[in-house]
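Enquirer:
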Amino acid sequence: MPFIVNYNVAMVNVIKAINRMVEKGLIDDYAIGGGIAAMFYIEPFLTYDVDIFILIEQGKKGRIILLSPVYNYLNGRGYPWKGEHIIIEGIPVQFIPADELETEAVRNARKILFKGIATKIVKPEYLIAILLKAGRKKDLHKIEKILEEAKVDRKKLKEILAKYDLKEEIKRQGLL
Amino acid sequence: MKHKEKKKYIVTGEDMEKIRRIVFCGKEKFHKDQAKLPFEEKIKLLVELQKIASGIRPSENRVVWKV
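Read top to bottom, the protein sequences are chains A and B.
Position one of the first sequence corresponds to residue 24 (our numbering), numbered consecutively onward.
Position one of the second sequence corresponds to residue 31 (our numbering), numbered consecutively onward.
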């Protein structure tokens with residue numbers, strides 16, 4: 024009898040753990056970004072972690088965001104640290120407090136069901152802008168792939184790029 | 031029984047370009063089809079990729095997702 028592995032269980036548990044953090048009010052909202060979000064739109068490629076953009080409003084004064092409650096909660100649930108990641112159900116997860124662009128991306132993220140569990144994924148137009156801002160070679164390559172393989176609302180993309188002063192950069196990179 | 035002659039394919043010039051176009055369109059279609067796979071299926075493939083990569087060059091920082 025073949026050994027059947029459900030590869031998606033760990034990912035489902037990661038999403039459940041993050042949803043629980045929203046329910047508990049530790050974070051206000053979130054969306055999956057980075058490589059895993061890119062993979063939602065393009066063909067699978069090698070990556071090792073899950074980037075989560077988080078919005079935290081409570082107790083926020085000025086530009087100071089307190090992440091300790093998030094980390095304490097996860098540590099308390101037995102999820103260990105490894106470098107800059109927290110390992111949830113065997114998957115390295117990075118929580119990134121959202122900047123202005125990422126906040127807009129989280130608020131406009133696409134709602135999906137992963138194995139029946141609700142979660143949010145950054146839309147491709149925002150993902151392109153975020154990747155362009157990061158600007159590493161691998162980010163630019165992902166932008167190329169998204170533009171080739173995904174349905175991208177070009178008008179919306181141009182609006183986002185203009186709003187965040189990225190219009191010139193995308194031209195300079197020869198991507199649009 | 032009549033001996034069946036093997037077909038020989040010889041391509042030159044324009045035909046070569048046509049064949050190359052067909053091959054490259056095929057590759058492009060393959061990548062686009064892969065992009066359309068369900069997200070759950072892509073995660074499965076990702077773990078397979080991680081296993082292959084770890085088999086080639088194991089690294090402490092590049093873990094295969096535990097399932």
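The beta carbon of each residue, even a glycine, is placed where N, CA and C say it ideally should be.
This structure is a prediction, so every number in the text was calculated from the model and none was measured.
Let's see if you can read the secondary structure: which residues bound the beta strand (DSSP E) around Arg133 (chain A)?
Expert: Counted as a single uninterrupted DSSP element, the beta strand (DSSP E) harbouring Arg133 (chain A) occupies residues Arg133 to Phe137.
Enquirer: Output needed for Val37 (chain A): all residues of its chain with C-beta closer than 8 Å, excluding positions within five of it in sequence on either side, in chain order.
Expert: Here the set comprises Val73, Ile111, Glu112, Ile114 and Val116.
Enquirer: Give a yes or no on whether the C-beta atoms belonging to Ala152 (chain A) and Lys143 (chain A) are separated by under 7 Å.
Expert: no
Enquirer: Hey, is the segment 51-58 of chain B in contact with the segment 48-59 of chain A, meaning 3+ C-beta pairs nearer than 8 Å?
Expert: Contact fails between the segment 51-58 of chain B and the segment 48-59 of chain A, because fewer than three Cβ pairs, one in each stretch, are under 8 Å apart.
Enquirer: If you drop the 5 nearest sequence neighbours on each side, which residues of the same chain put their C-beta closer than 6 Å to that of Met24 (chain A)?
Expert: Residue placement at Met24 (chain A) is flagged as unreliable, the pLDDT there being 46, under the threshold of 50; a coordinate-derived value is accordingly withheld.
Enquirer: Can we say the segment 148-162 of chain A touches the segment 175-185 of chain A, given the rule of at least three CB pairs closer than 8 Å?
Expert: Touching, yes.
Enquirer: Rounded to the nearest angstrom, what separates Phe26 (chain A) and Ser84 (chain B) at their Cα positions?
Expert: Low confidence applies to Phe26 (chain A): its pLDDT is 48, below 50, so where it sits in the model is not reliable, and the reading given next is rough at best. Computed Cα separation, rounded: 20 Å.
Enquirer: Restricting to Cα atoms, I'd like to know which of A:Lys39, A:Asn31 and A:Lys161 is closest to Trp95 (chain B).
Expert: A:Asn31
Enquirer: Looking at the secondary structure, which residues open and close the beta strand (DSSP E) in which Phe118 (chain A) lies?
Expert: Ile114 to Pro120
Enquirer: Here's a check: name, in chain order, each residue in its chain whose Cβ is nearer than 8 Å to the Cβ of His1 (chain B), leaving out the five neighbours to either side.
Expert: Shown here, chain B extends from 31 to 97; a query on residue 1 (chain B) therefore has no answer.
Enquirer: Could you say which of A:Val93, A:Gly197 and A:Ile169 lies nearest to Leu78 (chain A) if we only look at CA atoms?
Expert: A:Val93
Enquirer: Considering Cα atoms alone, identify which of A:Glu107, A:Glu80 and A:Phe137 is closest to Val35 (chain A).
Expert: Taking only the C-alpha atoms, the option nearest Val35 (chain A) is A:Phe137.
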